[in-house]
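Please read the structure below before turning to the comments.
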Amino acid sequence: MYALDSMGIVKLIILAMVIFLGFSLFKKFRKPASHTDQQPSTNKMVACSVCKTHIPENEAIIHNGKVYCSKEHME
Ligand SMILES: [Zn+2]
Numbered sequence: 357m358y359a360l361d362s363m364g365i366v367k368l369i370i371l372a373m374v375i376f377l378g379f380s381l382f383k384k385f386r387k388p389a390s391h392t393d394q395q396p397s398t399n400k401m402v403a404c405s406v407c408k409t410h411i412p413e414n415e416a417i418i419h420n421g422k423v424y425c426s427k428e429h430m431e
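For the sequence shown, the positions run 357 to 431 when our numbering is used.
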């Protein structure tokens, strides 16, 4: 009873890794699709660091890690 020798175990480990990698790649490719379907945080509100006005993140101007509501406040 030496069917599972060291080579057999190595093959099993490689097979397990391939399945694991394939599964994580599958999850990775599925995630953006479901994310765009739900759109949970598209209109995330951020505060201007000058006037503290809350504006949607996609309209905000982000410069040097700070948030601005307009180009005037960026200076
Ligand atoms: Zn502002």
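Don't be surprised by glycine CBs; every beta carbon is placed ideally from N, CA and C.
Assign residue i to one of two classes, buried (16 or more other C-beta atoms within 10 Å of its C-beta) or exposed (fewer than that).
{"i": "A416", "result": "buried"}
{"i": "C425", "result": "buried"}
{"i": "V366", "result": "exposed"}
{"i": "V423", "result": "buried"}
Over the uninterrupted beta strand (DSSP E) stretch that includes residue i, give me the two end residues.
{"i": "H410", "result": "410-412"}
{"i": "H419", "result": "417-419"}
{"i": "V406", "result": "Premise fails: V406 is in no beta strand (DSSP E) and is neither H nor E."}
Query - Heavy atoms of ligand 1 versus C-beta positions, residues under 7 angstroms - result: C404, V406, C407, T409, Y424, C425, S426, H429
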